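Have a look at the structure below before the remarks.
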Amino acid sequence: MPAVVIVGAQWGDEGKGKATDLIADRIDYVVKFNGGNNAGHTVVIGTEKYALHLLPSGILTPGVVPVISNGVVIDPEVLMEELDALEARGIDVSGLVISSHAHLITQYHRTLDKVTERFLGKRQIGTTGRGIGPTYADKINRVGIRVQDIFDEGILRQKVEGALHQKNHLLVKVYNRRAIEVDEVVEELLSYRDRLRPLVQDTALLLHTALEDNKTVLFEGGQATMLDVDHGTYPFVTSSSATAGGAATGSGIAPWRLSTVIGIVKAYTTRVGSGPFPSELEDEFGEFLREKGHEYGTTTGRPRRTGWYDAPIARYSARINGVTDFVLTKLDVLTGLDKIPVCVAYDVDGTRIDEVPWSQSDFHHASPIYEYFPGWSEDLTGIREFDDLPQAAKDYVLALEAMSGARISAIGVGPSRDAIVTRHALLD
Ligand code: IMP
C-alpha cells in the first residue's frame, strides 16, 4: 500500500522517528506536509547525531526523495542553515524537492509571533516563537508570500508592500516596535532565489506520478492530533492541520490514497506550551517521567509538561485520523513504578464523561478518572519479542490497546534505534 501517514496521537514529541525507522527501507519519498521549523527531531545514524527542525528526515537516507509540500511554512534562513550544516558533513542535499505553493516565513512573521504572545499575557499559547501562526494567518488572509513569488521580483515587492502596509501600523502603533522596510524583506528573500530555484517543483504532480508508479510515499506529520488547528485543544494548538487529513490537503494527493495511518502514542503523555491536560502531574511522578523520559523540547529546550496515559485522547486520535496501527513509544520509561495509573474517562463537574468533551471549557475542568495497573521492575531495553516482556508490561500494553481504538503494532522499549518490539508488520 503506497501512501502511508505517520501522525502524533497526543500533543507531539511522541517519537515518530522510531516508526519511520521501522519502514525506512520500504520508502521512496518522505513528505513533510504541515508545520515548519517548530518541530524538532534528532536522528542518530551510526555515531552521528543530526538535529533537524524543518527538513524531512528522509534527507539523510540515500535513495529517498525528501519533499517539502504545499502545506508547510518555510523559513528560508533556517532552510539554508540546515542545508549548509548537512552539506558540511558530507550529506548530499541536492535531491530535496520544495513545493512552489509553500508559504514563506519572513522576519515580520517571527516578530509578530513574539509580540502577540507577549500581548496575550496569561492567555498566551506558549508558541515556539518561530513565526508559524502569523505565516499561516497570512495564508488564510490571502496576504502570504509563497515560494514561487521570489522568482517574480515585481510580484514579490507588491505582495510584501501589501503585507507590510497593514503590519507596520500594527507593529508601530499597537506593539511599539519599529516599522519593517519593504526593501529589507524583498532583498533578503531574493538572496535565496538562486539556491532555491533548482529545488522548486509542482510537488503535487511529482507525488501523484510517484504513486501512480507504485512508489511508496511516507507522509510525516509535524506536531500532533491534539495540536491540530481544527481537532486539537484550540486555541492552544499549532496553526496547521497535523492530522491524517492534512496529508491530503497539505500535499495535493487524493485522500483515498492514504491507506495506512500510523498513530504514534507515548506510554504516558507530554505537552509543551499552554492548554488543558487532564492527566497532568505536578508531583514527583511528573518529575520522574520528565527526567527518565528526557522530556525537554528539541526546538526550544523547554521542560515538557508530563502526565499519565490518557485513553480517551488515544481513542479520539484513532477516530480523527483513522489510525490503522499504533506505535507505542517509551514503555521503558515506566519501569520501576509500583502501579501505573491510566486515565480512562473524565469527571467534569461531577459527571463522568468517557470521550474527549466537545466543549473546551469542560476539557479545562476535566479531572482524570484513573484505573491502576501493576508496574514492573525488569529492564525492558534489550527485549525484542512481545512474549519476553514482563507479564505486567504485556498486560499494560494489552489494556491500552483495548482502550485506544486501534491495535498496537510496535512498542518502543529504549532510546536506541533498534529498541523496538514488533507485533504486526506496519506495511504488508
Ligand atoms: P507554534 O506551532 O509555534 O505556533 O506553537 C503552538 C503550540 O504548539 C505551542 O503549544 C507549542 O509548544 C506547540 N508545538 C509546536 N510544535 C511542536 C512540536 O513539534 N512538539 C510539541 N509541541 C509543539
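According to our numbering, the stretch in the sequence shown is residues 508 to 935, in order. By construction, the Cβ of each residue, glycine as well, lies at the ideal position given by its N, Cα and C atoms. As the structure is a prediction and not an experimental result, all values here were calculated from the model.
Pairwise C-beta distances place the stretch 630–646 out of contact with the stretch 589–609, as fewer than three of them are shorter than 8 Å.
As the crow flies, the alpha-carbon of residue 698 is around 11 Å from that of residue 704. With a threshold of 7 Å, the Cβ atom of residue 784 does not count as near the ligand IMP, since no heavy atom of the ligand is closer than that. When C-alpha distances from residue 867 are compared across 621, 556 and 733, the shortest belongs to 733.
Rounded to whole angstroms, the gap between the alpha carbons of residue 908 and residue 859 is 22 Å. If you compare the alpha carbons of 806, 801 and 684 with that of residue 625, the shortest gap goes to 684.
The beta carbons of residue 814 and residue 541 sit about 25 Å from each other, so the pair does not count as a contact at 8 Å. Counting along the chain, residue 669 sits inside the alpha helix (DSSP H) bounded by residues 660–676. Residue 717 counts as buried, since no fewer than 16 other beta carbons sit within 10 angstroms of its beta carbon. Here residue 633 has 780 and 781 as same chain residues with Cβ atoms under 6 Å from its own Cβ, once five neighbours each way along the sequence are excluded. Going by C-alpha positions, residue 526 is about 14 Å away from residue 838. Judged by DSSP in its simplified three-state form, residue 752 adopts helix.
Residue 742 and residue 752 have their C-alpha atoms spaced approximately 20 Å apart.
Between residue 847 and residue 775, the alpha-carbon positions lie close to 10 Å from each other. Under the three-state reduction of DSSP, residue 582 is assigned to coil, being neither helix nor strand. Between residue 911 and residue 822, the gap from beta carbon to beta carbon is short of 8 Å.
Distances from the CB of residue 812 to the heavy atoms of the ligand IMP are all 7 Å or more. Here residue 628 carries a helix assignment [DSSP, helix/strand/coil]. Taking 4 residues as the minimum length, the alpha helix (DSSP H) runs contained wholly in the stretch 851–931 are 867–872 and 898–911, in order along the chain. Residue burial is scored here from C-beta neighbours: residue 801 has fewer than 16 other C-beta atoms within 10 angstroms and is therefore classed as exposed. Annotated three-state conformation of residue 799 is helix, per DSSP. Between the ligand IMP and the CB of residue 845, the shortest heavy atom gap is not smaller than 7 Å. Put simply, of 748, 892, 901 and 865 the residue whose alpha carbon is nearest the alpha carbon of residue 881 is 901. C-alpha of residue 565 to C-alpha of residue 757: approximately 18 Å in a straight line. In the structure shown, residue 616 falls within a helical segment according to DSSP collapsed to helix, strand and coil.
Less than 8 Å separates the beta-carbon of residue 696 from that of residue 613.
Relative to residue 577, the option among 708, 875, 933 and 899 whose CA is nearest is 708. Around the Cβ of residue 840, a 10 Å sphere holds 16 or more other Cβ atoms; the residue is buried. Residue range 572–575 is occupied by the beta strand (DSSP E) that includes residue 575.
From the listed residues 547, 906, 844 and 594, the smallest Cα separation to residue 791 is found for 844. Within the same chain, no residue comes within 6 Å of residue 925 by CB-CB distance, once the 5 residues on both sides are set aside.
In the same chain as residue 799, and ignoring 5 residues on each side of it, the C-beta atoms closer than 6 Å to its own belong to 840, in chain order. The Cβ atoms of residue 517 and residue 749 do not sit closer than 8 Å to each other.
In this structure, 765 is the residue among 903, 765 and 687 with its C-alpha nearest to the C-alpha of residue 831. Taking a 10 Å sphere around the C-beta of residue 681, we find fewer than 16 other C-beta atoms and assign the residue as exposed. Just so you know, the alpha carbons of residue 670 and residue 622 end up roughly 17 Å apart.
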